[in-house]
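Structure, as structure tokens:
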Amino acid sequence: MRPFFTSDEIRAAVAAGLTPDLFPTTDGTQINLIPNPAGEGYICPAFDSETSHCRIYEIRPLDCRLYPFALMWDAERTHVLLGWDTKCPYMREAPSSLVDQAVDAVAQWIEADERVDALAQNPRLIGRFQDDVIALRTLERVTERVQRGQTRIRRQTLSIQDRGRIEAALAVTAGFQEAPLAAASFAYHYIWKHRLTYTWAELQGHLCLFAESPDGIFLALPPLGEGPIDQPTAEAFRLMREWNGDSSVTRMDNVPESFVPALRALGYAVREKEPDYLYAAAELVDLAGDAYRSPRAACNRFVREYGGVLEPYDARDQTACVSLFREWREQKLGTGSGSDEWANALLDDALGAHETALSAHSELGLTGAVVRVGGRIRAYTMGLWLNQSVFCILLEVADRDMVGAGAFVFREFCRQALAKGACWINTMDDSGLPSLAKAKRWYHPARLLPNYVVTELRR
Ligand code: SF4
């Protein structure tokens, strides 16, 4: 558990002995977790692992007092719900009559003036809708108070039916057409819905796509639509500030280079993040010359030893692909390629993204392919068209024990894209991972596409 502390609760916790740097801001935030001194994973720094007690129990935050009850928005984001978290083993065993009795008392407690005020000032105490939290009742008073005074903008939860809306908005947004970033697509975002809650809103005639993490909401793309973005940007930042308070999560992500001069002129801070890698499609297929000697040799060896053939992905391949993902993950962990924590966390998160892409590939507009050896899938990949000449490879997994399987599936998938008109292949960014950057540079990118993050200058 990573509890949220209001500003008053931060002050009290610091007075009780927690160090201030455990809190990213003083304005209400989740506490930073620390490595578990007694084993694996991370724990709340207020937890004393020797005594198994909370060191600030008497003044623990509202978030902890409430648990295993929880506050969350309903799926439509219109009402605040009181629920119970099925991850709590005690609640799973508690008789339902006891839970029923407790619900009344907890609902009454949470709807008292003091708590309702705290929730109105710290709306991030109310989590996103989760399937594993059982909704018990709607909290009308909390809902009304949290919504009162806030910008009357309703953010809609992103669903797969919104694909056409997002793609139409991307198509008319200047700056996304020529050499587009991978993020300029619906599927790029949607496959991470298990980790981030995506919502969208119309602001000043522009479509704004927001992503919500436990730290708060941020714009996943600049405002989409025709015309100047000064007003929608200002309104989006206002909405984020209202929701996030002082949190540094407030930002606009995946901003292409063409937006930067206007945003700088409007007074926003702009910084570069990892660029996308863009390759000439024909070069990836030919693999000619000295520069491509290693990937060419890897492909040749794979063909010689395994004779693989690229086949279109079929929905019936999903189970085999997911099990290959699990094997691949173990191989990466075993060889130390996934030895740093950031890489491991990405691998854990990636399974959900792959499952979504594999199960909803046609609704997401994805093209997929598999390579079978001896009847077993040993590599799979998926991608999408960013425009008529740029194909983006969204995911790729290959058996690491079969030399050349990765190089082969990549070359053959690019060959397929080239035959359908691709001039350029975008393979996304390297997530700041040196091993991934090395693998991407192996293929000699023609260009690195700059990608920016925009924030408000310190207010
Ligand atoms: S009860 Fe105490 S130790 Fe447990 S999560 Fe809350 S603050 Fe941390």
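Going by the working numbering, the sequence shown opens with residue 943, and the numbers climb by one from there.
From the three backbone atoms N, C-alpha and C, an ideal C-beta is built for every residue, glycine too.
- With a cut-off of 8 Å on Cβ pairs, the segment 1348-1367 is not in contact with the segment 1288-1300, counting fewer than three such pairs.
- Listed in chain order, the alpha helix (DSSP H) runs fully inside the segment 1216-1252 are 1223-1228 and 1235-1248, counting runs of at least 4 residues.
- Judged by DSSP in its simplified three-state form, Trp-1384 adopts coil rather than helix or strand.
- Look at the beta carbons and you see the segment 1010-1018 not touching the segment 957-969: under three pairs across the two are nearer than 8 Å.
- Short note on Phe-989: C-beta closer than 7 Å to some heavy atom of ligand 1.
- Excluding its 5 nearest sequence neighbours in each direction, Leu-975 has C-beta neighbours in its own chain below 8 Å: Arg-944, Tyr-984, Ile-985, Cys-986 and Pro-987, listed in chain order.
- Asp-1256 sits in coil when the DSSP states are folded into three classes, being neither helix nor strand.
- Contiguous alpha helix (DSSP H) elements confined to the segment 1066-1119 occur at 1082-1089 and 1105-1113, taking only those with 4 or more residues.
- Contact between Pro-1217 and Gln-972 does not hold, since the beta-carbon distance rounds to 30 Å and is not under 8 Å.
- Here Pro-1164 is buried, its C-beta having at least 16 other C-beta atoms within 10 Å.
- Ranked by Cα distance from Trp-1134, the first of Leu-1328, Ala-1299, Arg-1353 and Leu-1391 is Ala-1299.
- Assigned with DSSP and collapsed to three states, Cys-1006 falls in helix.
- Pairing Tyr-1219 with Glu-1354, the inter-Cα distance amounts to about 18 Å.
- By alpha-carbon distance to Leu-1289, the top candidate from Pro-1174, Glu-1272 and Leu-1166 is Glu-1272.
- Along the segment 1280-1368, the beta strand (DSSP E) occurs as fully enclosed runs of 3 or more residues at 1309-1315, 1318-1327, 1332-1340 and 1366-1368, listed in sequence order.
- Annotated as proximal: Trp-1185 and Arg-1066, with beta-carbon spacing under 8 Å.
- Of Ala-1162, Ile-1367 and Lys-1029, the smallest CA-CA separation from Thr-1192 is found for Ala-1162.
- Taking the C-beta atoms as reference points, Phe-1152 is found nearer than 8 Å to Arg-1097.
- Rounded to whole angstroms, the Cβ separation of Ala-1129 and Leu-1308 is 6 Å, and the two are in contact under 8 Å.
- In the DSSP secondary-structure assignment, Thr-1192 is not bridged to any residue.
- The closest CA to that of Ala-1017, considering only Ile-1052, Leu-1100 and Val-1058, is found on Leu-1100.
- A distance criterion of 7 Å places the beta-carbon of Tyr-1210 beyond contact range of ligand 1, judged by its closest non-hydrogen atom.
- Distances from the CB of Arg-1193 to the heavy atoms of ligand 1 are all 7 Å or more.
- Taking Arg-1357 as reference, the option from Glu-1225, Thr-1397 and Asn-1242 with the minimal CA-CA separation is Glu-1225.
- Nearest in C-alpha terms to Pro-1122, of all of Phe-947, Phe-1333 and Asp-1341, is Phe-1333.
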